[in-house]
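Trainee: Protein chains in written order, with our numbering: chain A, 565 to 919; chain B, 565 to 919. Glycine included, each C-beta is placed from N, C-alpha and C at the ideal position.
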DNA sequence: AAATAATATGTGTTCGTGCACATTGTAGGA
DNA sequence: TCCTACAATGTGCACGAACACATATTATTT
């Protein structure tokens, strides 16, 4: 069952022509009579020719510059993970001539995003990976990139009605829906649950609203609105201010509160509060394996987190660009990463970055 | 920041010698004076030479034959998934000269395993991927493979005190532990839980015993033995026999039964029973996304499954062989795949085989 | 000292592809 | 009829590594 590799030379022989001509047919370089062209195409089909990727890549020595337009990891530990994924992809893809430049912006500063995006565009890269945190600000760049035919991959934040090469991330709606399911599973009796947005600029964060909607819809779709009361709260945690006092008031006015669903990776703020006040009968669910969340999973104040796999988002984002540009694969426009449910007992298996 | 690729020729120039000599140093082919050898090695180090994998692979045209010694998918749908993973790895690795032969055995017949393993060994492959279901029978083959220096990767069933290239699969103990956690989370009140082994030859299935131990230990370690009663049952489901009657008796004699933990992928047998008898207050947790389990997750009779990611096991198994033999990477001796918790609300994201 | 053996080092071809360049073929204009 | 223009086709080199083979250098024997 030894599969003989079909080479350009083999095709040329069968077609009674030379490898130059076959090459011209393969790459549509013209200067081939229609008659020969068809004959060669037919034989290519028949012999099931597949270009030898190794030889191709060795010969052309083509290099690809990708740019990752991502938030500064120093501002929020969440953004450390995509960088790890980027680095992993970079390492694996270097031998194919792919290099990745980072253009780092401040996730709380639109202006910094705009100037970094300008710089990135000026570099005229072969592909872009973008965390499009600022909806309004990023739109004109999409246009620009489309005009210059630069494929761009979006991750973390899904944006409707644009045409990226693909989106990589989670289904925000469904992740809210899942959070509701888990909490309901653990709280068979009627109670109050809270959706909590911490330190977020909500009008600019459509995906958080989508999570909240998914969470609330779970109760509607399962006819549980009479049993559970869902309240929504926003809170800003400012260093130095008395968070505990502020949040204590919120809790005491919330009635029979038994569960809190934090829509971003800052569940550790609440876990800290619960620990300081020795509150053990409020279930807490949040997002992401950032170090402080891991700490509170380990000591039991966070019950579950949903892993958004930010590492995988960075990794797959770059890989999709490579798949498209280098390996010429078809790319599905959306790659939803799984909604991993993580709790103390399966935590450690998600910490291995090798995965 | 353009990284100039370092070639053998570059090293030869810097060392004032020829590429032939550098090549001899690189491959320890001898016939090089100690003096030159050291100089070349030093320069290789200095210039940070990394062989161009593409050129290497193109030139050598080395082919690798891997053999997958796996159970017949026709006997149990669980075994369909590793085959999909194998096929995926095969496709990605074909261009590196890797081919995979399947040696399929009957998972209920030791003899068929032995004869397939004999045949596989006789082929003298470059690497083996084995599901070592039969502990006693597989041991002598490990010896043989080690003597012939054939690396072998184990998956699905972990075996102690042998030296595979690596093991790929789950931590059975921890998965039982996790199952107990989930059920306890959903059942805050005291009740009885059942560990159920369906159609299994227990003495030959150490990993199922390990799961059971993990499950039971959860209650011990969390001081819950007074609250929850855990019972253990084995049942064989034979086509045609009245399963419902047999199982009905088991249930009714079990007292306040509120949860069943099925240790293999056959939770669907119980789900079917629960559906036929319209029992809705028994939580059911099992393993794996086989089609019939998916069916019962969708209609609510299975609450959770833990995904053993059999597809990933096949995929990674082959990839580890390739990483070791072809890409010369270091291989960690154990690769535990995550304990994915799957329920209706996040099911679909685990069904995409592309992941 | 010359012949031979043994060791050390250098050169050239090959893998499959892409592309530059060389060659052949043919039609049309002088 | 010869020359030119241009389309059609063929040839050869390069990419980086591996290996066979050729050549140079030194050591050993006669």
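Give me the residue from 578/A, 580/A, 608/A and 579/A with the minimum Cα distance to residue 591/A.
Mentor: 608/A
Trainee: I'd like the span of the alpha helix (DSSP H) that includes residue 589/B, first residue to last.
Mentor: 583-590
Trainee: Quick one: Cα of residue 588/B to Cα of residue 613/B, how far?
Mentor: 15 Å
Trainee: Assign residue 569/B to one of two classes, buried (16 or more other C-beta atoms within 10 Å of its C-beta) or exposed (fewer than that).
Mentor: exposed
Trainee: Check whether the Cβ atoms of residue 765/B and residue 900/B lie closer than 9 Å to each other.
Mentor: no
Trainee: Please confirm if the stretch 623-633 of chain B is in contact with the stretch 842-856 of chain B, defined as three or more CB-CB distances below 8 Å between the two stretches.
Mentor: no
Trainee: Starting from residue 662/B, trace the alpha helix (DSSP H) both ways and give me its first and last residue.
Mentor: Taken as a continuous stretch (DSSP letters only), residue 662/B belongs to no alpha helix (DSSP H), being part of the beta strand (DSSP E) at 662-669.
Trainee: Which whole runs of the beta strand (DSSP E) in the stretch 806-855 of chain A are 3 residues long or more, in chain order?
Mentor: 821-826 and 847-851
Trainee: Closer than 8 Å by beta-carbon distance: list the chain B residues that pair up with residue 621/A, in chain order.
Mentor: 618
Trainee: Within the same chain, show all residues whose beta-carbon is closer than 7 Å to that of residue 780/A, passing over the 5 residues directly before and after it, in chain order.
Mentor: 794
Trainee: With respect to the beta strand (DSSP E) encompassing residue 899/A, which residues constitute its N-terminal and C-terminal limits?
Mentor: 898-900
Trainee: What span of residues does the beta strand (DSSP E) with residue 868/A cover, start to end?
Mentor: For residue 868/A, the enclosing beta strand (DSSP E) covers residues 868-871.
Trainee: Residues in the stretch 856-874 of chain B with C-beta within 8 Å of chain A's C-beta atoms, listed in sequence order?
Mentor: Taking 8 Å as the Cβ-Cβ cut-off against chain A, the residues of the stretch 856-874 of chain B that qualify are 867.
Trainee: Tell whether a beta-carbon distance below 9 Å holds between residue 615/B and residue 720/B.
Mentor: no
Trainee: Please classify residue 832/A: is it buried, with 16 or more other beta-carbons within 10 angstroms of its beta-carbon, or exposed?
Mentor: buried
Trainee: Helix, strand or coil for residue 793/A? Go by DSSP, reduced to three states.
Mentor: strand
Trainee: Note down, in chain order, all residues in the stretch 887-916 of chain B with a beta-carbon under 9 Å from any beta-carbon belonging to chain A.
Mentor: 896, 899, 900, 901, 902, 903, 904, 905, 906, 907, 908, 909, 910, 912, 913, 914 and 916
Trainee: Straight-line CA distance for residue 698/B to residue 870/A?
Mentor: Going by the C-alpha atoms only, they are around 37 Å apart.
Trainee: For residue 776/B, does the three-state DSSP call read helix, strand or coil?
Mentor: helix
Trainee: Measure the alpha-carbon distance for residue 796/A versus residue 777/A and round it to whole angstroms.
Mentor: 11 Å
Trainee: Do you know whose CA, among 908/A, 739/A and 750/A, lies nearest residue 792/A's CA?
Mentor: Nearest C-alpha to residue 792/A: 750/A.
Trainee: Tell me the DSSP bridge mates of residue 799/A?
Mentor: 762/A
Trainee: What in chain B is Cβ-close to residue 745/A, meaning under 9 Å?
Mentor: Residues of chain B passing the Cβ test: 907, 908, 909 and 910.
Trainee: Using the C-alpha atoms, what's the distance from residue 770/B back to residue 818/B?
Mentor: 25 Å
Trainee: Chain B beta carbons: is any one of them nearer than 9 Å to that of residue 879/A?
Mentor: no
Trainee: Under 8 Å Cβ to Cβ from residue 887/A, same chain only, skipping five residues before and after it: list those, please.
Mentor: 893 and 895
Trainee: Would the beta-carbon of residue 662/B fall within 9 Å of that of residue 882/B?
Mentor: yes
Trainee: Sort out for me which residues DSSP pairs residue 628/A with in a bridge.
Mentor: 662/A
Trainee: Taking only the alpha-carbon atoms, compute the straight-line gap between residue 621/B and residue 880/A and give it to the nearest angstrom.
Mentor: Residue 621/B and residue 880/A: Cα-Cα distance of roughly 26 Å.
Trainee: Check residue 639/A in the structure and name its three-state DSSP category.
Mentor: coil
Trainee: If we count the other Cβ atoms within 10 Å of its Cβ and call it buried at 16 or more, is residue 739/B buried or exposed?
Mentor: buried
Trainee: Let me confirm a value: residue 845/A is counted as buried when at least 16 other C-beta atoms fall within 10 Å, else exposed. Which label applies?
Mentor: exposed
Trainee: With 9 Å as the threshold, decide whether the Cβ of residue 836/A is near any Cβ in chain B.
Mentor: So, not an interface residue.
Trainee: Closer than 9 Å, Cβ to Cβ, to anything on chain B: give me those residues from the stretch 750-766 of chain A, in chain order.
Mentor: 750, 751, 752 and 753
Trainee: Quick check: residue 631/A and residue 729/A, are their CB atoms within less than 9 Å of each other?
Mentor: Cβ distance not < 9 Å, so residue 631/A and residue 729/A don't count as in contact.
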